[in-house]
Amino acid sequence: MARVGVLGAGTWGTALARMLALNGHETALWSPRPRDIDALAKTHYHKHLEGVRIPETILLTKDAQEACAEKDLIVFALPSVAIRQTAQTVKPYLRDGQILVSVAKGMEADTLLTMTGIINDVLEEGRQERFHYAALSGPTHAEEVARDLPSAIVAACREDRVARTVQDVFMNSSMRVYRSSDLLGVELCGALKNVIAIAAGACVGMGFGDNTRAALVTRGMAEIKRLGLKMGCRPETFDGLAGIGDMIVTSTSLHSRNMRAGMLIGQGMEPKKAVESIGMVVEGINALPAALELADRYQVELPITFAVDAVVNGGQDPRRVVLDLMMRDKKAEF
Numbered sequence: 007m008a009r010v011g012v013l014g015a016g017t018w019g020t021a022l023a024r025m026l027a028l029n030g031h032e033t034a035l036w037s038p039r040p041r042d043i044d045a046l047a048k049t050h051y052h053k054h055l056e057g058v059r060i061p062e063t064i065l066l067t068k069d070a071q072e073a074c075a076e077k078d079l080i081v082f083a084l085p086s087v088a089i090r091q092t093a094q095t096v097k098p099y100l101r102d103g104q105i106l107v108s109v110a111k112g113m114e115a116d117t118l119l120t121m122t123g124i125i126n127d128v129l130e131e132g133r134q135e136r137f138h139y140a141a142l143s144g145p146t147h148a149e150e151v152a153r154d155l156p157s158a159i160v161a162a163c164r165e166d167r168v169a170r171t172v173q174d175v176f177m178n179s180s181m182r183v184y185r186s187s188d189l190l191g192v193e194l195c196g197a198l199k200n201v202i203a204i205a206a207g208a209c210v211g212m213g214f215g216d217n218t219r220a221a222l223v224t225r226g227m228a229e230i231k232r233l234g235l236k237m238g239c240r241p242e243t244f245d246g247l248a249g250i251g252d253m254i255v256t257s258t259s260l261h262s263r264n265m266r267a268g269m270l271i272g273q274g275m276e277p278k279k280a281v282e283s284i285g286m287v288v289e290g291i292n293a294l295p296a297a298l299e300l301a302d303r304y305q306v307e308l309p310i311t312f313a314v315d316a317v318v319n320g321g322q323d324p325r326r327v328v329l330d331l332m333m334r335d336k337k338a339e340f
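And the structure:
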């Protein structure tokens with residue numbers, strides 16, 4: 007049995023805390039927003055996980071120290087923009103040798119750091135303790151994981167022993183966990199596929215067909231892979247669960263906030279209003295600045311990513327942007 011603290015009581019954090027508790031682990035769930043914990047403690051249901059009861063064995067706490075102290079694993083399950091502040095909050099309560107698992111998907115615009123990179127940046131500044139960093143990523147919507155529907159995910163860590171520990175803690179009969187040593191590649195896929203999912207949703211919103219979305223997802227993955235290879239990631243990562251697997255589910259499912267936001271944009275809604283109407287974080291919007299900066303730094307073409315930025319931040323007509331993509335210079339596929 008492991009002792010696990012889950013930071014973040016949104017749908018993903020709550021679904022994972024439930025799974026960990028049912029796996030037999032001593033599980034604490036904390037949120038930077040006390041009202042989230044109050045709501046769960048009152049009903050033992052999350053408002054966005056309909057019909058899924060939260061086990062009584064989970065310690066619901068508003069005390070960050072209680073959530074982190076003496077834990078074997080700490081799971082960071084918050085929006086990407088909240089990771090740095092949360093790491094600052096829990097820093098005094100962490101101890102040497104803990105495994106820190108990010109399940110957030112994004113990149114920090116100012117630093118171009120991945121989620122584990124942000125946590126490392128905060129925690130290891132000016133202190134002697136050392137931690138083990140891992141990411142858990144793949145085609146796993148919280149709504150389905152919470153209902154124990156069969157899913158598969160990747161535990162990525164540069165240390166194989168740690169990856170095996172994370173695999174053991176999370177795996178059960180409805181969650182198959184694979185290992186990877188390509189931590190950067192797994193996190194890069196998780197961040198940038200959200201941008202492509204916005205484009206996929208816009209295609210649906212504009213009334214385009216399956217052909218369009220299939221082409222978009224395929225070429226979107228190709229541009230992410232181009233960037234990843236320039237950054238030193240392993241090519242097979244992009245063909246696996248954290249790559250094309252997560253891309254498929256995020257670009258086709260109505261559970262996907264990024265795709266739903268894209269649909270609204272494709273239907274003519276202003277991007278800002280589209281995000282507001284979703285009512286939750288749309289990570290693809292947040293990932294755009296980092297994606298553009300990485301493209302410039304590594305001199306890699308990301309035409310679909312730049313097209314999304316042209317619509318979201320440049321005010322361009324989505325249909326005009328699609329035409330521009332279709333009329334780019336002729337080239338070989340590979």
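So the sequence shown is numbered by my numbering: it starts at 7 and just counts up by one. Every residue, glycine too, gets a C-beta built ideally from N, C-alpha and C. None of the values given here were measured: they were computed from a predicted structure.
Contact check, residue i vs residue j, beta carbons under 9 Å
| i | j | result |
| --- | --- | --- |
| A158 | L55 | no |
| A197 | G112 | yes |
| A34 | V10 | yes |
| V109 | W18 | yes |
| F82 | I105 | no |
| K68 | D44 | yes |
| P277 | V317 | yes |
| H52 | A15 | yes |
| C195 | S143 | yes |
| I60 | T120 | no |
Assigned exposure category for residue i - 16 Cβ within 10 Å defines buried
| i | result |
| --- | --- |
| S262 | buried |
| F176 | buried |
| E282 | exposed |
| T63 | exposed |
| A205 | buried |
| L155 | exposed |
| G238 | exposed |
| T146 | buried |
| D252 | buried |
| A215 | Note on residue identity: the sequence assigns Gly, not Ala, to residue 215. With fewer than 16 other Cβ atoms within 10 Å, it is exposed. |
Same chain, Cβ closer than 8 Å to residue i, five either side skipped, listed in chain order
| i | result |
| --- | --- |
| A115 | N292, P295, A296, E299 |
| K77 | R9, V10, G11, A34, Q104 |
| P98 | Q71 |
Residue range of the alpha helix (DSSP H) that includes residue i
| i | result |
| --- | --- |
| I204 | 189-211 |
| A140 | Unbroken run through A140 is the beta strand (DSSP E), 138-143; no alpha helix (DSSP H). |
| M121 | 121-129 |
| F176 | 166-176 |
| R1 | Because the chain in this structure spans residues 7 to 340, residue 1 falls outside the shown range and cannot be described. |
| T258 | 252-258 |
| V318 | 309-318 |
Other residues of its chain near residue i: CB distance less than 6 Å, five sequence neighbours each side excluded
| i | result |
| --- | --- |
| T311 | V201, A297 |
| V58 | A152 |
| T95 | A70 |
Per DSSP, the bridge partner or partners of residue i
| i | result |
| --- | --- |
| W18 | W18 pairs with nothing; no bridge assigned. |
| V183 | I159 |
| F340 | DSSP lists no partner for F340. |
| R59 | Y51 |
| V281 | For V281, which the question treats as bridged, DSSP gives no partner whatsoever. |
Contacts around residue i, its chain only, beta-carbon distance under 7 Å, and the 5 residues preceding and following it disregarded
| i | result |
| --- | --- |
| P324 | A208, M212, I271, G272, V317 |
Closer than 9 Å to chain B by CB, residue i
| i | result |
| --- | --- |
| K97 | The displayed structure is made up of one protein chain only, and chain B is not part of it. |
Residue i - containing beta strand (DSSP E), residue span
| i | result |
| --- | --- |
| T33 | 32-36 |
| Y304 | Element bounds for Y304: not the beta strand (DSSP E) but the alpha helix (DSSP H), 289-304. |
| G234 | Note, G234: premise wrong, no beta strand (DSSP E); alpha helix (DSSP H) at 216-236. |
| L106 | 105-108 |
| R263 | Per DSSP, R263 belongs to no beta strand (DSSP E); it is in the alpha helix (DSSP H), 263-272. |
| L329 | Taken as a continuous stretch (DSSP letters only), L329 belongs to no beta strand (DSSP E), being part of the alpha helix (DSSP H) at 324-332. |
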